[in-house]
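Residue numbers (the UniProt record's numbering): 1 to 34.
To start, the structure under review is shown below, and the notes come after it.
Listed below in structure tokens is the structure:
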């Protein structure tokens, strides 16, 4: 299983919101654009 402290972040990768190779900066920019 996934540790509860990182579960929300892991789900974004599992659901395809972000690619595995994406940077934290890139993910932050995507979140700000939503």
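Backbone N, C-alpha and C define an ideal beta-carbon position, used for all residues, glycine too.
Small disclaimer: the values here were computed from a predicted structure and weren't measured.
DSSP-derived helix/strand/coil call for residue i
i          : result
residue 2  : coil
residue 34 : coil
residue 26 : helix
residue 14 : helix
Separation of residue j from residue i, as counted between CA atoms
i          : j          : result
residue 24 : residue 1  : 23 Å
residue 27 : residue 12 : 10 Å
residue 7  : residue 14 : 10 Å
residue 29 : residue 16 : 16 Å
residue 18 : residue 4  : 19 Å
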